[in-house]
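The opening position of the sequence shown corresponds to residue 18 in the working numbering, with each subsequent residue numbered one higher.
A virtual CB, placed ideally from N, CA and C, is assigned to each residue, including glycine.
To start, the structure itself, in structure tokens.
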Amino acid sequence: MSAMWQGCLADTDYFELRSSGGYDYGVWVTTPPGYDPATTPAPAVYVLDGNWAVGMTAPLIVTQLDPMQQIQPYIQVSVGYAGEEAQHWARLRNRDLVPPGEPIAQEFIDAVEKGFQAGVMTREEADAYLAELSDTHADAFLSFLTAELHPRIEGDYGTAASGHGLYGYSYGGLFSLYTWLSGSTLFESVGAGSPGVVSTDSQVFAQLEELGDSRRAARLHVTFNVQELLGDLAVYQSITKNTATLLHRLTSRSGAVTSAILDETHVTGLQASFLSYLRTCRAR
18 MSAMWQGCLA
28 DTDYFELRSS
38 GGYDYGVWVT
48 TPPGYDPATT
58 PAPAVYVLDG
68 NWAVGMTAPL
78 IVTQLDPMQQ
88 IQPYIQVSVG
98 YAGEEAQHWA
108 RLRNRDLVPP
118 GEPIAQEFID
128 AVEKGFQAGV
138 MTREEADAYL
148 AELSDTHADA
158 FLSFLTAELH
168 PRIEGDYGTA
178 ASGHGLYGYS
188 YGGLFSLYTW
198 LSGSTLFESV
208 GAGSPGVVST
218 DSQVFAQLEE
228 LGDSRRAARL
238 HVTFNVQELL
248 GDLAVYQSIT
258 KNTATLLHRL
268 TSRSGAVTSA
278 ILDETHVTGL
288 QASFLSYLRT
298 CRAR
């Protein structure tokens, strides 16, 4: 990493990896202060939406030295998109983070159209954004994380054998729920911030039905934001209502599920949500 970026993201390496499906990913790996895998190997925490999230979440690795509330050591692995595709991360994430067969809610379509009307995106960008939702592959991306990327991280950084985590926000939070409900055995804790459960017909509800009375061993921490619930954007209201419904069904059957309501908007909530996950699931 260049001297400039090293000053901003201390102890961070960057590499690119092509998946077996032919997609290129950018990966930022931030190690704990003074990390020595030979003496104290640390587990990995995978953070989604790396192109956006790495700058707000990777610096929080210093919480491992906080004398007021220390966090268990972890290696942060931020996963995003590489090369020219990096500029299109906001739509490419739809392909990777959304479960197969996830319905596209009208509130979401209306929100994208509102963005176009406000000049936030062009008509071409809006159409491309929605097009990615017509063929989604969270299952393939989960396989990439667990079967392709993790062995690389394990070999290059000498990770601990257990204690790994996953954190995602918005559609990344939806992916986190999907992963937890699917019973993936790699992650011992999962953080889902403002998960994009826009539709009452979301696949995560179908997964919950399939789960039945079974339990998941991994811890799950879910956050959402009061400004999402109280604001006037229908898509965010739907996210909080559906997430609350899911939580009610989960917490009635599992003590491994925790949650927090944060005083943030959907845009500003990422860092606060990640910190809430660290404090809840990874405190010493």
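Return helix, strand or coil for residue i, following the three-state DSSP convention.
i	result
D41	strand
Q93	strand
Y63	strand
G208	strand
H181	coil
D30	strand
Y294	helix
R236	strand
A277	strand
T262	helix
Y52	coil
V17	Beyond the ends of the chain as shown, which are 18 and 301, falls residue 17; an answer cannot be given.
V284	coil
V129	helix
V79	helix
A70	helix
T202	coil
I256	helix
V221	helix
A300	strand
V46	strand
S19	In this prediction, S19 scores a pLDDT of 48, lower than 50, which makes its location untrustworthy; the coordinate-derived value is nonetheless stated afterwards. Three-state result, S19: coil.
Under 8 Å by Cβ, that's how I've got residue i and residue j pegged, so tell me the actual separation to the nearest angstrom.
i	j	result
G182	C298	7 Å
F125	V252	5 Å
G213	T240	G213 to T240, Cβ: 13 Å. No contact.
L198	V215	Contact doesn't hold; Cβ gap of about 17 Å is too wide.
N259	T217	6 Å
G189	D41	The pair is not a contact, with the Cβ atoms about 19 Å apart (cut-off 8 Å).
E130	A143	7 Å
G175	P58	5 Å
Under a Cβ-count criterion, where at least 16 other Cβ atoms within 10 Å of its own Cβ denotes burial, should residue i be classed as buried or exposed?
i	result
P84	exposed
Q93	buried
P49	buried
S95	buried
R140	exposed
L26	buried
S187	buried
D173	exposed
Q81	buried
S219	buried
P120	exposed
E101	exposed
Please confirm whether residue i and residue j have their CB atoms less than 8 Å apart.
i	j	result
L225	R266	yes
L287	A70	yes
G208	S193	yes
L34	L166	yes
G51	Y98	no
R296	Q86	yes
R301	A273	no
I88	T47	no
V115	A155	yes
S36	F204	no
T163	P117	no
T74	F291	yes
W45	Y63	no
S255	L264	no
H283	E245	yes
Y91	P60	yes
L279	N242	yes
**OP:** May I have a chain-ordered list of the alpha helix (DSSP H) segments no shorter than 4 residues that lie completely inside the segment 138-174?
**Re:** 140-148, 155-160 and 167-174
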